[in-house]
Amino acid sequence: MNKAAIILFSFLLPPLASAATPWKQWYGTYVRLEDDGNIACLSIDGGRNCDWNYPNAVPAASAPRLVCGADHKSKWSITGYETPRHWCNRAYADLYADWKAANYFGFDVYLSVNPAGELMCNSGDSMECWWNLPLGAPAPVKPVEPLACGPMSEAVWGAASNDPSHWCQQARRVTHELDYSHPMWANESFAYEKGWAGTGFGLSGSQRGAPEVMALKEKNGHKGLAIASVERSAEFMKRYANTIYGVPDKELQDDFMVYVKEPWTVEDEPVATMHVYLSRTNVTSLRMPVVFNIDGGTGRAWPGIWLTPSGIRMRTTRGDYYTYDTALNDKGRWWTLGLKVVAGGDLEYYAAPQWIASPFEPRFLRGKMNSLLGTTQYSLLRQNDATLMISNVMQEGLENIIGDIRYGVKTEGQKRRR
């Protein structure tokens, strides 16, 4: 996989030094992040050039600096972020970039976002992304020569990256993840008494209640959060007497909510994946609570992809549609589910009957909402309440297992080139 870009930036003026991060040594100079996220270097001449021969002593917070973005452009006619192999991108990639593996969204490379809001890939030459990244590969370390989408990619490849099929438009960076194989969850528990329906494992309950049994376990080589629905004992109800769990559970369905800090709009084109072990006769789902267009106004719905004994259910904003997969006949197996919001507010449903990195392949596409409905008039507009919802219907004591959940959105640079 290899590829190519365009765009104009607008940045704030250099911020006050007191709001910047501490200086970090980078090769012969020092760099830091200003309060608007732009990277700056220690200057030798009052803010025009970097000092590449500065001694080891850490500079004063008020030391002169050259700031990438608008400040850099006013002096050099470039922001620094659009130029191949420029120190602005290289220093940021080495010291500050939050690199995330993009395998889960169908792109086997480490991705991050530079201060200009441009998606950038791990690279050793600022030309080719280092594709074919195996799952579990360590994150990039200095030195990194990133390739950024937008003007930098265009300068390298001589072609714009605003084509909808280009990786610069198709890829998403993971912005939220719950990976239950990680040791951080080892001592976690679900606090049924917290909030209005309990919290724990990065999840929240709903008015239907969360499963009564939760524990980390391994199944067929993969670790996850095992959940089961059982009749609430007198002791359980007494312990949580002042909560929704203090009475017998009359709901067959259990719900989890996943909240991400920034709610999405259709311009973000969010995607989500979940690895889940489904026991036969149980039901599970990956859903997106949404606000959608309807009759000149708006409505609320909870569309998503469901695995049921009757088939794969694609819930739209206006009804349910089914397709079947013989894998649902198995005693139990791991599945990889995916949801993708695309331009215009359509929703794509993906389900792979095995644990794979990403379900976003044509062979696992089960349907598209607008095609199922035969119209675009009920398209998605934005998030409603939680970012994601995971609903389960489980036979008494028969468990489902959530391996992980990942969520991502487009960067500001990607959205500018829609």
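Numbering (this note's numbering), first residue to last: 93 to 510.
Positions of the beta carbon are idealized from the N, C-alpha and C atoms, including for glycine.
Bear in mind the structure is a predicted one, so any value in this text is a computation, not a measurement.
* To do: Please list, in chain order, all residues of the same chain as F101 whose beta carbon is under 6 Å from its beta carbon, the five residues on each side excluded.
  => Your numbering for residue 101 matches position 9 in the sequence shown. Low per-residue confidence applies at F101: pLDDT is 26, beneath 50, and the placement is therefore not dependable, though the value from the model is reported in the following sentence. The beta carbon of F101 sits closer than 6 Å to the beta carbons of T171 and A208 from its chain, once the five residues preceding and following it are set aside; these are given in chain order.
* Scan the region 178-257 and note each continuous alpha helix (DSSP H) run of 4 residues or more that stays entirely inside, going in chain order. => 179-187 and 243-249
* Asked: Taking buried to mean at least 16 other C-beta atoms within 10 Å of its own C-beta, is P106 buried or exposed?
  -> Indexing the sequence shown from 1 puts residue 106 at position 14. Interpretation of P106 is limited by its pLDDT of 35, a score under 50 that renders its predicted location unreliable; the figure taken from the coordinates is listed afterwards. Buried is the call here.
* Could you pull out every residue in the same chain whose Cβ sits closer than 6 Å to the Cβ of P232, ignoring the five residues on either side in sequence? => Counted from its first residue, the sequence shown places residue 232 at position 140. So the qualifying residues of the chain are W191, Y202 and N214.
* **C-beta contact flag for L187 and W118 at 8 Å** => As a first step, residue 187 is located in the sequence shown; it is residue number 95 there, counting from the start. As a first step, residue 118 is located in the sequence shown; it is residue number 26 there, counting from the start. For L187 and W118, yes; Cβs fall inside 8 Å.
* **Endpoints, the beta strand (DSSP E) within which W118 is located** => As a working mapping, residue 118 is identified with position 26 in the sequence shown. It spans K116 to W118 - the beta strand (DSSP E) in which W118 sits, taken as one unbroken run.
* **Test item: CB-CB of Y414 and R405 under 8 Å** => In the sequence shown, residue 414 corresponds to position 322, counting from 1. In the sequence shown, residue 405 corresponds to position 313, counting from 1. Yes; because the gap between Cβ atoms is below 8 Å, this pair is in contact.
* Asked: Is it true that the CB of E210 sits closer than 8 Å to the CB of G161?
  -> On the sequence shown, position 69 is the one that residue 161 refers to. On the sequence shown, position 118 is the one that residue 210 refers to. Against a cut-off of 8 Å, the Cβ pair of E210 and G161 comes out as no contact.
* Asked: Once you ignore the five residues that flank S257 on each side, which residues in its own chain have a CB closer than 8 Å to its CB?
  -> Taking the first residue of the sequence shown as position 1, residue 257 is located at position 165. No residues qualify anywhere along the chain.
* Output the distance between the C-alpha atoms of G216 and P238, rounded to the nearest integer angstrom. => What you label residue 216 is simply residue 124 of the sequence shown in a count that begins at 1. What you label residue 238 is simply residue 146 of the sequence shown in a count that begins at 1. Each residue's alpha carbon lies about 7 Å from the other.
* To do: For Y414, write down the residues that DSSP places opposite it in a beta bridge.
  => The residue given as residue 414 occupies position 322 in the sequence shown. In DSSP, Y414 forms a bridge with R405.
* Quick one: residues in its chain with C-beta nearer than 7 Å to the C-beta of V322, no 5 flanking neighbours on either side, listed in chain order? => Within the sequence shown, the letter at position 230 stands for residue 322. Result list for V322: E304, V305, E488 and G489, in chain order.
* **Minimum Cβ-Cβ distance from C142 to chain C less than 8 Å** => The chain inventory of the structure shown lacks chain C, comprising one protein chain alone.
* Backbone CA spacing between A112 and E126 [nearest angstrom] -> Here residue 112 refers to the residue found at position 20 of the sequence shown. Here residue 126 refers to the residue found at position 34 of the sequence shown. Spanning the two alpha carbons is a distance of roughly 4 Å.
* Around the C-beta of W179, are 16 or more other C-beta atoms found within 10 angstroms, so that it is buried, or is it exposed? -> Start at 1 with the first residue of the sequence shown, and residue 179 comes out as number 87. So W179 counts as buried.
* Buried or exposed (CB count within 10 angstroms, at least 16 for buried), S402 -> By one-based count along the sequence shown, residue 402 stands at place 310. Exposed, since its Cβ has fewer than 16 Cβ neighbours within 10 Å.
* With K311 as the anchor, note down where its beta strand (DSSP E) starts and where it stops. => Against the sequence shown, residue 311 aligns to sequence position 219. V305 to K311 is the span of the beta strand (DSSP E), which, as asked, contains K311.
* Is the distance from the Cβ of R410 to the Cβ of L465 below 8 Å? -> For this step, residue 410 is matched to residue 318 along the sequence shown. For this step, residue 465 is matched to residue 373 along the sequence shown. Going by C-beta atoms, R410 is nearer than 8 Å to L465.
* Asked: Does the distance from the CB of L472 to the CB of G437 come in under 8 Å?
  -> What you label residue 472 is simply residue 380 of the sequence shown in a count that begins at 1. What you label residue 437 is simply residue 345 of the sequence shown in a count that begins at 1. Yes, the Cβ-Cβ distance between L472 and G437 is below 8 Å.
* In three-state DSSP terms, what is W427? -> Along the sequence shown, one-based indexing puts residue 427 at 335. DSSP places W427 in strand when its eight states are reduced to three.
* To do: State the start and end residues of the unbroken beta strand (DSSP E) segment that holds W398.
  => Translated into positions along the sequence shown, residue 398 becomes position 306. Here the beta strand (DSSP E) through W398 covers G396 to T400.
* Note down, in chain order, each residue of its chain lying with its Cβ closer than 8 Å to the Cβ of T373, except the 5 sequence neighbours on either side. => Working through the sequence shown from its first residue, we reach residue 373 at position 281. Answer for T373: P401, Q487 and L490, listed in chain order.
* **Rounded C-alpha distance that separates F456 from G301** => The residue given as residue 456 occupies position 364 in the sequence shown. The residue given as residue 301 occupies position 209 in the sequence shown. Cα to Cα, F456 sits roughly 31 Å from G301.
* Asked: Nearest-angstrom Cα distance between Y499 and E269?
  -> Taking the first residue of the sequence shown as 1, we reach residue 499 at position 407. Taking the first residue of the sequence shown as 1, we reach residue 269 at position 177. Y499 and E269: Cα-Cα distance of roughly 6 Å.
* To do: Determine the DSSP secondary structure at L465, reduced to helix, strand or coil.
  => Position 373 of the sequence shown, counting from 1, holds the residue named residue 465. Helix.
* **Cβ neighbours of Y416 in the same chain (closer than 6 Å, five flanking residues each side left out)** => In the sequence shown, residue 416 corresponds to position 324, counting from 1. So the list reads G403, once near-sequence residues are dropped.
* To do: Check whether the Cβ atoms of R264 and V363 sit closer than 8 Å, and answer yes or no.
  => In the sequence shown, residue 264 corresponds to position 172, counting from 1. In the sequence shown, residue 363 corresponds to position 271, counting from 1. Pairing R264 with V363 gives a Cβ-Cβ distance under 8 Å.
* **In DSSP terms, what F384 is bridged to** => The sequence position of residue 384 within the sequence shown is 292, counting from 1. Partner(s): G391 and L472.
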